[in-house]
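First comes the structure, then the notes that go with it.
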Amino acid sequence: MGELFKWDRFFENIPKIVPYLSVTFAIVIFATVLGVLLGIVIAFVNMKKIPVLHQFFKVYVSFMRGTPMLVQLMLVYYGLPVLIDSAFGTNINREWSAITFAYITFILNQGAFLSAIFYSAITSIPYGQTEAGLSVGLTEIQTFKRIILPQMVRVALPPFGSDLVGLFQNSSLVFLIGVTDIMGRAKTIGTATKHVLEAYVFVAIVYIIISLIVRGLFKYLNDKFEFGKARKTIMLDEI
Numbered sequence: 001m002g003e004l005f006k007w008d009r010f011f012e013n014i015p016k017i018v019p020y021l022s023v024t025f026a027i028v029i030f031a032t033v034l035g036v037l038l039g040i041v042i043a044f045v046n047m048k049k050i051p052v053l054h055q056f057f058k059v060y061v062s063f064m065r066g067t068p069m070l071v072q073l074m075l076v077y078y079g080l081p082v083l084i085d086s087a088f089g090t091n092i093n094r095e096w097s098a099i100t101f102a103y104i105t106f107i108l109n110q111g112a113f114l115s116a117i118f119y120s121a122i123t124s125i126p127y128g129q130t131e132a133g134l135s136v137g138l139t140e141i142q143t144f145k146r147i148i149l150p151q152m153v154r155v156a157l158p159p160f161g162s163d164l165v166g167l168f169q170n171s172s173l174v175f176l177i178g179v180t181d182i183m184g185r186a187k188t189i190g191t192a193t194k195h196v197l198e199a200y201v202f203v204a205i206v207y208i209i210i211s212l213i214v215r216g217l218f219k220y221l222n223d224k225f226e227f228g229k230a231r232k233t234i235m236l237d238e239i
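Residues 1 to 239 (the UniProt record's numbering) make up the sequence shown, in order.
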């Protein structure tokens, strides 16, 4: 295994790969923040069953949840320029970088998955609680903010954490459209040096470490929310 894998090459690759973590984190952050906003809009439309939009988002969510991430990435990267060129006569391939297509793909993907999480979390809360809030004079917004939202967050937190881990791992696909993230950088190092194993092993370690950190963080948050819930229940029982 001496020539196949060497620790000196492994450690030499670390400073070459680590700076490209910023690209990976940027994709995850953009996709999460904008995906949450899109997911809230879709969940709201589905809750209110707004005509046309409800049917459109239903098909959209089904498509995004039923197709592989790689297929979605390729459809956006190759299909979106064709659609825009046909509609507006503009060649966006000359103006947009590859990472822009990655942002769009992951935002659309997260919007679909998070909308399902948010919708399930909201509908899991008995409607009687909303009626109780409205009956004491709260507006719909106040009822949602004070009664529904805290419970929704508690229910949505575990699947949201799992989704975030999956998002981080799926971000490794962007190197296939020319985005140089940590996976893309590992590939270029392997191509240049003819030694690919060390770079890929380091990338695998990075993914494992960050996935464990995210899982641990969400487990801590979930346990904290559950503790708060249990404490309130005990106080109510004592009363």
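Built from N, CA and C at the ideal position, the CB exists for glycine as well.
Check each candidate in the options and name the one with the smallest Cα separation from residue i.
i: PHE218; options: LEU73, LEU157 and THR32; result: LEU157
i: PHE44; options: PRO126, LEU34, TYR78 and SER115; result: SER115
i: PHE144; options: ARG154, GLY137 and GLY133; result: GLY133
i: SER211; options: PHE168, GLY137 and GLY89; result: PHE168
i: PRO68; options: ILE42, ASN109 and ILE40; result: ASN109
i: VAL155; options: LYS224, VAL52 and ASN46; result: LYS224
i: GLY79; options: PHE63, ARG94 and PHE101; result: PHE101
i: VAL33; options: ARG94, PRO150 and TYR103; result: TYR103
i: VAL23; options: VAL214, LEU173, GLN142 and VAL52; result: LEU173
i: VAL28; options: ARG94, GLY166 and TRP96; result: GLY166
i: ARG9; options: LYS194, PHE88 and TYR77; result: LYS194
i: LYS48; options: GLY216, GLU140, TYR220 and ILE213; result: GLU140
i: PHE160; options: LEU70, TYR127, SER120 and GLU131; result: SER120
i: ASN93; options: PRO81, SER86 and ALA87; result: PRO81
i: LEU70; options: GLY216, TYR220, THR180 and SER171; result: SER171
What residues in its chain sit with their C-beta under 6 Å from that of residue i, if we drop five residues either side in the sequence?
i: ILE122; result: MET152
i: ILE208; result: none
i: MET235; result: Any reading at MET235 needs caution, since the residue's pLDDT is 36, under 50, leaving its predicted position unreliable; the model's value is listed next. For MET235, where only same-chain residues beyond five positions count, there are no Cβ hits under 6 Å.
i: LEU21; result: ILE182
i: VAL196; result: GLY190
i: TYR77; result: PHE101 and ILE177
i: VAL214; result: LEU164 and VAL165
i: GLY184; result: PHE175
Would you check if the distance between the CB atom of residue i and the CB atom of residue j is smaller than 7 Å?
i: ILE17; j: ILE182; result: yes
i: THR105; j: GLN55; result: no
i: ASN13; j: ILE205; result: no
i: ILE117; j: ILE148; result: no
i: ILE99; j: THR90; result: no
i: GLY35; j: GLY137; result: no
i: ILE107; j: ALA26; result: no
i: ALA186; j: VAL203; result: yes
i: PHE63; j: ILE42; result: no
If we count the other Cβ atoms within 10 Å of its Cβ and call it buried at 16 or more, is residue i buried or exposed?
i: ILE50; result: exposed
i: residue 241; result: Coverage of the chain is limited to positions 1 through 239, which leaves residue 241 absent and any answer about it impossible.
i: GLU198; result: buried
i: GLN129; result: exposed
i: LEU164; result: buried
i: LEU38; result: buried
i: PRO15; result: exposed
i: VAL59; result: exposed
i: PHE175; result: buried
With a threshold of 7 Å on Cβ separation, who are the neighbours of residue i within its own chain once the five nearest residues in sequence on each side are excluded?
i: ASN222; result: LEU157 and PRO158
i: residue 250; result: With the chain covering only 1 through 239, there is no way to say anything about residue 250.
i: ILE40; result: PHE118
i: LEU53; result: VAL45
By Cβ distance, which residues of its chain are closer than 8 Å to residue i, with the 5 residues on each side in sequence left out?
i: ARG65; result: ALA112, PHE113 and ALA116
i: GLU226; result: ARG154
i: THR180; result: TYR20, VAL23 and THR188
i: GLN142; result: GLY133
i: ARG146; result: GLY133 and LEU138
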